[in-house]
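See below:
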């Protein structure tokens with residue numbers, strides 16, 4: 012197996028640990044805070060989570076009062092759940108190193124290809140060699156990932172069965188909000204069934220939307236944004252050199268616009284759309300396109316027929332008329348194969364009796380290929396596949412139409428040459444930045460410590476992340492305190508609350524304060540490629556989002 | 012102006028120079044070899060280049076016989092020509108530093124936005140501050156670039172006029188094969204008109220197709236391929252983690268497939284198409300798609316419904332039936348606005364009397380949106396815009412159709428989920444790798460030395476590039492020795508010969524020896540982001556293409 016020089020060199024990197032996890036294990040005390048509450052519907056939560064609700068937040072510290080870590084041999088299973096995020100391998104490495112430090116006879120198993128591996132009992136025991144081959148690398152390929160949700164009584168029972176067969180002490184779920192919700196439900200279920208298998212979560216998602224008082228950032232966000240920032244900076248430099256392209260960049264991140272916002276703070280593009288703002292102001296797609304047109308027209312006056320526009324992947328779901336269109340299509344259209352041979356026009360005709368006139372207008376106003384994307388194959392739940400809609404091309408089409416009008420009116424004399432891009436998969440499996448390598452290793456090591464402290468239904472945390480790693484505050488928080496009740500697929504369900512971009516938060520306000528200027532002038536910043544060595548301000552920096560949220564500038 | 016931490020840190024980087032250019036200038040001798048010849052049509056060349064033909068190759072060395080560098084104050088104008096390539100700013104910085112080392116009263120001017128700046132006399136004098144603000148950065152934004160060709164007698168006369176007005180001693184043209192052909196013609200023209208303004212070229216292009224005995228690699232190829240390699244490696248890691256996507260990646264590089272080949276050598280994808288091979292074997296598009304289908308089917312048998320396919324941008328021009336289609340369309344279709352409102356079907360109908368039946372079949376076999384791209388707006392010369400054709404989607408469409416057939420026959424049981432990408436602009440303006448930063452600085456410094464030696468019609472060279480920079484052999488080669496006569500736009504013209512991928516060369520053979528294995532197995536290599544610091548094997552490596560061509564493994 013050929014290994015790149017970078018990968019070989021990264022094997023030698025020793026992730027930095029918080030001081031409280033660098034101690035001899037017997038010195039670590041697990042301090043408890045007061046009882047906690049869910050974010051809403053507390054009585055309901057007390058029923059659903061009868062055995063795990065209301066537990067205290069815990070922090071690791073040196074000596075003194077508090078639980079101690081068990082040194083007995085432990086058997087733990089790890090699951091990588093959902094989309095890849097840089098650093099997942101380091102969570103597993105930290106967990107492994109913690110287990111082996113606790114007791115050399117401890118064993119770590121990996122469930123294969125996501126939560127389905129737990130349900131089906133598909134697993135491997137992770138050897139020291141396997142761990143070493145994946146330290147500080149990107150990807151989830153050590154055991155694979157998957158999107159199976161453990162939902163049915165049969166799946167829960169099968170999961171317990173697997174845990175029993177393997178004589179597990181704990182399961183560590185490395186995933187996003189849904190996967191950690193699942194972890195909380197599993198923890199409760201196991202107790203309910205009289206099992207003492209513990210369940211611990213770890214906050215993963217490049218989207219950055221698993222965030223609250225105890226999770227300052229989800230892992231992978233740092234590396235993914237730095238990778239996209241590199242590319243956007245390169246495009247901006249290209250735009251300013253060739254002086255003839257407008258680059259429209261759609262960025263992964265469907266539910267929230269954290270990635271787009273972070274990339275905007277890092278690279279200072281001319282326009283960055285923020286879905287949460289569009290929804291809050293109930294902006295139409297036309298007015299969104301209009302804001303881009305404004306920038307193009309103003310820059311053309313200066314002779315600058317080039318620019319950069321950032322677009323969050325989920326944008327269309329936040330534009331009221333398109334949100335409605337999608338909802339109506341989800342209800343009205345089967346997406347079945349019978350439609351496949353029909354022309355777009357015939358399919359639109361067939362739709363007209365089943366969706367509102369407004370939605371038909373919205374569809375007909377789109378370029379044909381984009382309208383086709385709304386009508387294309389459905390996801391397994393029968394829903395429009397929003398992630399496949401090329402919003403960047405939709406906006407380019409609308410912008411072009413508007414610029415043609417303005418040209419006729421003499422209000423625009425520039426030349427518009429768009430280039431579209433979608434960045435997503437490129438950043439999910441990058442080698443984790445030093446920050447993510449350290450953070451993930453700490454989360455994994457912390458997950459071991461939570462298990463060894465006999466806790467369940469917790470998520471591994473590290474806080475104070477803008478300080479040097481030694482000063483990070485490692486501990487755990489009960490998953491239920493991050494949850495509320497939401498309607499999902501027609502039923503009220505307890506779920507971890509997603510963190511959307513806070514329009515009153517410092518990251519958004521920092522961007523909003525700049526954007527009128529950015530829309531006109533070229534203030535591009537070129538972050539360059541992620542550096543793993545070099546001056547610490549280059550190789551060890553954190554995201555602008557984290558820095559601003561933590562009070563920095 | 013906000014500057015990224017990486018950019019600040021890169022300002023401090025001191026490019027490494029060949030030993031022969033690190034001497035005190037008075038110690039440098041310019042040694043001459045024997046007379047040189049053009050690649051073909053030598054008698055014709057002697058006429059066209061009556062004053063510059065047949066000059067010797069020159070090498071810089073320490074002391075001894077040979078021309079000396081003039082220490083008088085020089086006035087030099089620099090031009091950035093054509094598409095951006097990482098390191099252009101360092102060519103200018105090297106040239107500037109050489110000029111100032113020669114004589115502090117020397118002056119460097121930059122012509123704005125490409126060769127058009129010379130014709131129109133648009134220029135700036137480059138200050139120490141401007142140079143320092145661009146050292147070791149990507150992009151051509153210090154003076155902009157452009158694609159104007161100096162072709163007409165009026166343009167040549169205007170260029171001389173500008174040179175006279177600025178009292179220039181020399182012009183340095185930083186560009187690809189066409190731009191350096193232009194440099195050779197300018198050099199001859201100036202002498203013909205009795206002017207002693209010298210013209211020196213520098214070999215720029217990310218495409219890697221400006222290459223010969225004296226140019227081991229064009230600058231920018233290293234950085235661009237490393238940037239694409241980073242992204243392809245990340246996609247491959249994602250593919251192997253999620254285990255459900257086939258990534259089809261089209262890579263910039265229209266005339267030659269060097270970029271795709273280098274990326275294949277760096278990342279070991281399942282399939283990499285090489286245009287030169289397709290042309291040599293006269294493969295049909297169907298058989299090209301068939302080679303991808305083979306890999307998909309074989310991998311599906313192993314349960315591996317994922318993979319990575321690399322596609323050179325210019326592919327369609329090398330497939331005989333599509334090459335013919337494009338030629339016929341260039342002749343037959345005006346691309347005029349009258350067609351704009353028509354449906355694809357109507358446009359195809361209109362075409363049927365003007366192109367061959369084979370070409371109509373090829374068009375009709377394509378997915379509608381791709382066929383539309385062939386019929387879309389023409390470039391300013393009235394030609395199909397090949398760079399806008401989404402070959403990756405064309406191939407996906409053909410692969411899908413074939414897999415459906417195989418599924419019906421029971422010969423394929425996998426699930427095919429394609430994702431398409433185009434990487435080009437992302438790599439043209441990256442911060443130059445240490446290699447490109449050093450190489451470009453040496454080329455720029457060498458260009459100064461060629462000017463100070465009183466030479467014209469030369470290209471700046473550095474050879475022995477796999478050795479440490481101190482051992483590089485700096486010098487110059489007469490541009491005419493790289494030229495032959497080719498038919499361009501209907502006329503016989505002297506041009507620098509493009510280097511296509513050599514199917515007998517070591518890079519291609521190294522890839523060809525692996526590809527049957529790669530088509531079936533996951534042997535992905537993950538190069539990671541370009542590193543500017545760290546272990547030298549990571550931060551200072553060269554491309555696999557250069558290493559293999561220079562005899563390495």
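Chains as they are written, first to last, in my numbering: chain H, 12 to 564; chain P, 12 to 564.
Every residue gets a Cβ at the ideal spot worked out from N, C-alpha and C, and that includes glycine.
Pick from the options that is closest to residue i, judged by C-alpha positions
i, options, result
"residue 522 of chain H", "H:547, H:560, H:336 and H:552", "H:560"
"residue 159 of chain P", "P:187, P:144 and P:137", "P:187"
"residue 429 of chain P", "P:444, P:406 and P:423", "P:406"
"residue 55 of chain P", "P:542, P:14, P:37 and P:497", "P:497"
"residue 318 of chain P", "P:169, P:252 and P:269", "P:252"
"residue 503 of chain H", "H:31, H:51, H:43 and H:137", "H:51"
"residue 311 of chain H", "H:288, H:554, H:142 and H:256", "H:256"
"residue 500 of chain H", "H:228, H:296, H:342 and H:100", "H:342"
"residue 72 of chain P", "P:30, P:398 and P:382", "P:30"
Those residues which DSSP pairs with residue i across a bridge
i, result
"residue 42 of chain P", "P:70"
"residue 494 of chain P", "P:507"
"residue 157 of chain H", "H:92"
"residue 258 of chain P", "P:319 and P:430"
"residue 122 of chain H", "H:134"
"residue 214 of chain P", "P:186"
Proximal residues to residue i (C-beta, below 8 Å), its chain only, five neighbours per side dropped
i, result
"residue 47 of chain H", "65, 66, 67, 68, 488, 489, 491 and 492"
"residue 223 of chain H", "493, 508 and 510"
"residue 171 of chain H", "200, 201, 204, 206 and 208"
"residue 371 of chain H", "359, 362 and 363"
"residue 348 of chain P", "In this prediction, residue 348 of chain P scores a pLDDT of 44, lower than 50, which makes its location untrustworthy; no coordinate-derived value is stated."
Alpha-carbon to alpha-carbon, residue j and residue i
i, j, result
"residue 194 of chain P", "residue 460 of chain P", "17 Å"
"residue 220 of chain P", "residue 231 of chain P", "11 Å"
"residue 131 of chain H", "residue 155 of chain H", "14 Å"
"residue 36 of chain H", "residue 175 of chain H", "27 Å"
"residue 239 of chain P", "residue 249 of chain H", "15 Å"
"residue 59 of chain P", "residue 139 of chain P", "39 Å"
"residue 167 of chain P", "residue 126 of chain P", "11 Å"
"residue 400 of chain P", "residue 49 of chain P", "36 Å"
"residue 218 of chain P", "residue 235 of chain P", "9 Å"
Beta-carbon proximity of residue i to residue j, cut-off 8 Å
i, j, result
"residue 93 of chain P", "residue 451 of chain P", "no"
"residue 316 of chain P", "residue 418 of chain P", "no"
"residue 472 of chain H", "residue 150 of chain H", "no"
"residue 462 of chain H", "residue 17 of chain H", "no"
"residue 245 of chain H", "residue 290 of chain P", "no"
"residue 274 of chain H", "residue 284 of chain H", "no"
"residue 448 of chain P", "residue 22 of chain P", "no"
"residue 432 of chain P", "residue 258 of chain P", "yes"
"residue 540 of chain H", "residue 241 of chain P", "yes"
"residue 237 of chain P", "residue 534 of chain P", "no"
"residue 97 of chain H", "residue 547 of chain H", "no"
"residue 27 of chain P", "residue 458 of chain P", "no"
"residue 211 of chain P", "residue 197 of chain P", "no"
"residue 147 of chain H", "residue 455 of chain H", "no"
Own chain residues within Cβ distance below 6 Å of residue i, not counting five before or after
i, result
"residue 122 of chain H", "88, 90, 128, 129 and 134"
"residue 82 of chain H", "113 and 114"
"residue 322 of chain H", "261, 284, 402 and 403"
"residue 57 of chain H", "64"
Residue i beta carbon near the ligand MG (any heavy atom closer than 7 Å)
i, result
"residue 300 of chain H", "As presented, the structure is devoid of all ligands, the ligand MG included, so that no description of it is given."
Contact set for residue i: own chain, Cβ-Cβ below 7 Å, skip 5 residues either direction
i, result
"residue 303 of chain H", "282, 320, 406 and 410"
"residue 110 of chain P", "85, 87, 117, 119 and 459"
"residue 266 of chain H", "218, 220, 325 and 509"
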